[in-house]
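2 protein chains.
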Amino acid sequence: MKIKFEPDGKTIKIEEGKTILDAADKAGIDIKSDCGGKGTCGKCIIKIEEGMDSLSPLISEEKEDLCTEEIEEGYRYACAAKIKNTKTEIKASIPSKSRRDKQVILEEGLEVDVELNPTITKYQVKPDKPSLEDDLSDFERLKKIIKKEYNIETNHISINTLRKLPKKLRNDLGRFKTKFTITLNKDKIIKIEDGHQEEYYGVAFDIGTTTVVAYLIDMMTGDIIDTASEMNPQIKYGEDVMTRVTITFNEKNGMQKMQEAIIDGVNRLISKLCKDNNIKQEEILEITVVGNTGMHHIFAGIHSEFISKSPYVQGLRDSVNLTPNETGVNIYEDGNIHVMPTVSGWMGADTIGCLLTTTPHKQDPIQLMIDVGTNGEIVLGNKERLIGASCAAGPALEGASIKYGMRAAPGAIQYIEINKELEPKLDIIGNKPPKGICGSGIIDAVAELVSTGVINRDGTFNKNVDTDRLRPNESGMEYVLAYKSEYNSDHDVTITNQDIREVQLAKGAICAGAHVLMDELGIKKPDEIMLAGAFGNYIDKISALTIGLFPEVDIDDIKMAGNAAGVGARLALIDQEKRQEARELPNLIKYYRLATHKDFEMEFARGQYFPHMDMTKYPNYEKIQELRTCR
Amino acid sequence: MKIKFEPDGKTIKIEEGKTILDAADKAGIDIKSDCGGKGTCGKCIIKIEEGMDSLSPLISEEKEDLCTEEIEEGYRYACAAKIKNTKTEIKASIPSKSRRDKQVILEEGLEVDVELNPTITKYQVKPDKPSLEDDLSDFERLKKIIKKEYNIETNHISINTLRKLPKKLRNDLGRFKTKFTITLNKDKIIKIEDGHQEEYYGVAFDIGTTTVVAYLIDMMTGDIIDTASEMNPQIKYGEDVMTRVTITFNEKNGMQKMQEAIIDGVNRLISKLCKDNNIKQEEILEITVVGNTGMHHIFAGIHSEFISKSPYVQGLRDSVNLTPNETGVNIYEDGNIHVMPTVSGWMGADTIGCLLTTTPHKQDPIQLMIDVGTNGEIVLGNKERLIGASCAAGPALEGASIKYGMRAAPGAIQYIEINKELEPKLDIIGNKPPKGICGSGIIDAVAELVSTGVINRDGTFNKNVDTDRLRPNESGMEYVLAYKSEYNSDHDVTITNQDIREVQLAKGAICAGAHVLMDELGIKKPDEIMLAGAFGNYIDKISALTIGLFPEVDIDDIKMAGNAAGVGARLALIDQEKRQEARELPNLIKYYRLATHKDFEMEFARGQYFPHMDMTKYPNYEKIQELRTCR
């Protein structure tokens, strides 16, 4: 029986009678299962996209716990759904809520149609042996057979390959061998192998300011084989991009230090992916890289000073191909490092990656793409016109600058519901005593407090509500999400009035950016909102609408694009058309600098209200609040 | 007053009243002048090509010494011809006979029409300064101005240039500068300079088995500024190519050793040319390289084993562009090393260089191009069809394997006349006591001995001649060119029967090769013969016809192409059309392997006669002999 897991893209075979949980385990996908697969904890909820008929019927626990709508949409307990003997392939998607911690930044995404059409390709050839009558030289002999069998003009050969070529084509006795595999990067031969070798690999990198994510791709199929991530090693030099950029030009050997840090990180991830998947590093022929303009320039070693100084121009806008030797990246010696294009000094290759995934430039509906990270990048438009801006949202939405803020790691409160009695219900990563709150938890908390009237629309606490959980603290007031006594933990976890202020500033910046762009484009409402970024994937849509993180649209028009930047890097890796599309994107986007925009300051002030000072912009706010209660 | 010297291509200015000898001295051209410019030694003969009217009239010594024809053709004593006040530019060519030793391998050549159209070019630009309103990135800003001002699409930038670009465009205060010079290699930016910098240089290399010659070219004009040469440093590993090729694959690190030797030599020449002409090495942006296939592969570091083993195929036929880093050649870090194409394992880039110069592929008359070196390469044909072969002529014609053979260096007999009394008249390089005979002297000696009947047509000595100079020696007989008593030298210099045998084998191989190709092409006689190679330039045409070094043609149809291989390297350096033409040439030439050709053995035997066993092939032999006596 075959079962495919989404969004991982992994397909495995499993015997009849095994559960989806067993299959996920075999596929290396970690699903929460606190009860050990007994059907009692209700954590292993997955969604069957296709092949429900090939599964055992619902058990009583599922019927009880899942609501009718959920059952209709195909939700099941992974541990309860046993696979029957069938020819239908089962397709299951695993919501981020049901995944264990390590998957926390590698989550669901859009399904993107992409053709497997990589820049680097392999060709099997059987050239004629040279003889006195047919004494064509070695390179030209290969050129001829590639032209004859594949109708491809080969014009170049890498010097490393050329130097070894005559030896490589012959055995120890000097006899010409019969079968070869030739690897081409466009019209250049970069590798010759004996016999027929088909497999090769690529890695797509998303170099975030905080996290570096690597996707190992099977270049024969385009599938993701594995993913790995680590903290950006530059973080020890400073949390934000500008601190790091400043080091590159202010400190002696600053650029070298900063570049080596990221290259080391990239190499560690490559090494781990190779080791875990039993692949040799020389089998990796290409990597693609996205990242904001600062990360991009430092990765490529391009003098970055003037990104940080007015008028903030980058050294290079276009994509650039580098060699392993030029970068220090440990892949095949003649492999390619494709660094994706940037839009401006403040809108980088990560945004290009997002747009490759969400493709507003190819559609009629007007899309508002928001990539929420330490900075928020916003692109608005459709195939007619695209405009963009970046907002200094600050790190609050990622859990930083929040009293009990933390990254999405074990002990972080990630989802919160507050009932009518103003009592919270928490979902904690790793099911441990709560240590703090991560980004999605913060938005949930504020939204629930707004929704239940604990917080006023201007962000102040409503002192008249009837709960002990609202209490004064050293700098004002705070709401207690978790008493240490409740969980036997080290400390209480609270949301303070200062935290709410931080959220107001962050959401105000994004909200204002979106509204400024909407005014520029002359629209009242986008047709859809695409939320990109790891964080974007975790936030609760209703909570986000409740606080007014972005303009109001129908809840079904809010889509989670997953790690769209990383997906974009993968698309560019497996499809050269996408790579070309990426090169054209910077020309299509008119970039607005919000800091100097005439309307921004006012919009920023108005946007700090929950959801907005001007309620006419949120006409369906009440209706959305009703959705909260039915959850 | 301006005077231009050919074939050096040097133009200088000189005051009225000075002589051509003074001018040559100022231009750094060494003309023989044993009498110190008194008009008595008759060694400084030059030919005035243009501007005879701008010179003082002939002095009595000239009238006496020069024959009427010579005077009509414009021959003068350089020391006697004084320059008058005139606006006409004087053009003088300096025959190799009138040059001093050091010029011995850098001599006359064809004048080739060539456009100055190099691959690497410089452009002066004044881009707009970036501003908040015009925040285009640095690379794209340059791209835009180059497109606007020169209508050139720039698609790439070297990583070294890119990394420094933002800094390079701005002053220490971070202000964008105003004027730049951009250097492009095709569509790639390889250098940015402040202000307007026009000058740059290239070097054309002819890597011979014995000698490496380097031509320093001013890329603004295409002119040769200077030349330098040295012995091929690989010579310590073996005199011939195959010995060296064998070392590359038979000895541990053999390739590295052999490659380093030649690269060191190339770097020494670059360094000398730079020093002598006050040029920085980073101002040299490109070099072109010709050489036989062995030298070519070793220079580029391509595994060379199978050039030396049947079916003798080379690794690469096409030209290849390498970087300074890939080769170790010390020029500008992003400069280009253009290695010219080869025809086969035994016909290399040197032959391609010759053909670029002598251009049989562009003309109707059928040309027989002979590049005489350690191996002789022959190409026959015209624009309809070209066929070629290489002959193992051996080193005899270069003075090696001859008892008193030596290179063209001081003490070498270079020209010989033998009068009716069978007494020789010698022209010795450097006017020193004779130490030996160089290539041109050997051919002269054999020709004169044949012409005077001292040697029979089958190469044996005629014992019946009446001269004491013919005497027995340990292995047969010899003719004494110089008694040590005549010159107060260390030893007699003689031509032995063994020497004559060596000449027979060498000239037999070339003669046979030419005849085999003529039969293949179905012609009785080529329309012209082009003699290439340093040696080709020095031999006396009548002597060459007398011994039958090549097929008989009218004496005016024998042309000296000079160091045509080196000229070809220069043409490819200054004109990208020529470079493209060179890439097409290997496809145009059908290469014949003489060793296995059915007719070669017989032709080789017949060709060892003076001039040939079949005298019907030399119908004008008697008439040519008459020309000898009138010299």
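As given, the protein sequences belong to chains Y and C, one line each in that order. The opening position of the first sequence corresponds to residue 559 in our numbering, with each subsequent residue numbered one higher. The opening position of the second sequence corresponds to residue 559 in our numbering, with each subsequent residue numbered one higher. In this text, a Cβ means the ideal position worked out from N, Cα and C, and glycines have one as well.
Of the residues assessed, residue 1099 of chain Y falls on the buried side of the cut-off, its CB having 16 or more other CB atoms within 10 angstroms. Closer than 7 Å to the CB of residue 849 of chain Y there is not a single CB belonging to chain C. When secondary structure is reduced to three states using DSSP, residue 1034 of chain Y falls in the strand class. Residue state for residue 1012 of chain Y is assigned as coil, using DSSP reduced to three classes. Taken in chain order, the whole alpha helix (DSSP H) runs of length 4 or more contained in the region 1015-1098 of chain Y are 1042-1045, 1055-1079 and 1092-1096. For a Cβ distance threshold of 9 Å, residue set 717, 720 and 721 of chain Y lies close to residue 859 of chain C, ordered along the chain. Contacts with chain C (Cβ-Cβ distance below 9 Å) from the region 689-708 of chain Y involve 689, 690, 691, 692, 693, 694, 695, 696, 697, 698, 699 and 701, listed in chain order.
Only those residues of the region 896-919 of chain Y whose C-beta falls short of 8 Å from the nearest C-beta of chain C are listed: 900, 902 and 903.
Of the residues assessed, residue 809 of chain Y falls on the exposed side of the cut-off, its CB having fewer than 16 other CB atoms within 10 angstroms. In the three-state scheme derived from DSSP, where H, G and I count as helix and E and B as strand, residue 871 of chain C is classed as coil.
For residue 880 of chain C, the neighbours in chain Y by C-beta distance under 9 Å run, in chain order, 717. Between residue 789 of chain C and residue 831 of chain C, the alpha-carbon positions lie close to 16 Å from each other.
Of the other Cβ atoms in all chains shown, fewer than 16 fall within 10 Å of the Cβ of residue 732 of chain C; this residue is therefore exposed. Listed along the chain, the chain Y residues whose CB falls inside 7 Å of the CB of residue 1150 of chain C amount to none; the nearest CB is some 11 Å away. Taking 7 Å as the cut-off between beta carbons, none of the residues of the region 733-767 of chain Y comes near chain C. A contact is defined here as three or more CB-CB pairs under 8 Å, and the region 994-1002 of chain C meets this definition with respect to the region 955-972 of chain C.
Residue 870 of chain Y reaches chain C at 693, counting residues in chain order whose Cβ is nearer than 7 Å. The C-beta of residue 1158 of chain Y comes no closer than 7 Å to any C-beta of chain C. The C-alpha of residue 1063 of chain Y lies about 9 Å from the C-alpha of residue 1165 of chain Y. Rounded to the nearest whole angstrom, the C-alpha separation of residue 773 of chain C and residue 640 of chain C is 30 Å.
Look at residue 875 of chain C: its C-beta is under 7 Å from a C-beta on chain Y. Under the three-state reduction of DSSP output, residue 692 of chain C falls in the coil class, being neither helix nor strand. For residue 1139 of chain C, there are no C-beta contacts with chain Y under 8 Å, since the nearest C-beta of that chain is about 17 Å from it. Relative to residue 947 of chain Y, the option among Y:625, Y:883 and Y:901 whose CA is nearest is Y:901. At a cut-off of 7 Å, the C-beta of residue 815 of chain Y has no neighbouring C-beta in chain C.
Judged by DSSP secondary structure, residue 815 of chain C falls outside any beta strand (DSSP E) and instead within the alpha helix (DSSP H) spanning 812-834. Taking a beta-carbon distance threshold of 7 Å, residue 724 of chain C counts as an interface residue toward chain Y. Ranked by Cα distance from residue 960 of chain Y, the options Y:1160, Y:1055, Y:854 and Y:1126 are led by Y:1055. Assigned with DSSP and collapsed to three states, residue 587 of chain Y falls in coil, not helix or strand. If you draw a 10 Å sphere on the C-beta of residue 949 of chain Y, you find 16 or more other C-beta atoms in it, and that means buried.
Under the three-state reduction of DSSP, residue 681 of chain C is assigned to strand.
Secondary structure within the region 918-996 of chain Y: not one fully enclosed alpha helix (DSSP H) run of 4 or more consecutive residues is present. With 16 or more neighbouring CB atoms inside 10 Å of its own CB, residue 1123 of chain C falls in the buried class. Below the 8 Å Cβ cutoff, chain Y contributes 724, 725 and 732 as neighbours of residue 863 of chain C, in chain order.
At least one C-beta of chain Y is nearer than 7 Å to the C-beta of residue 867 of chain C.
With distances taken between CA atoms, residue 792 of chain C lies nearest to C:853 out of C:1131, C:693, C:853 and C:1163.
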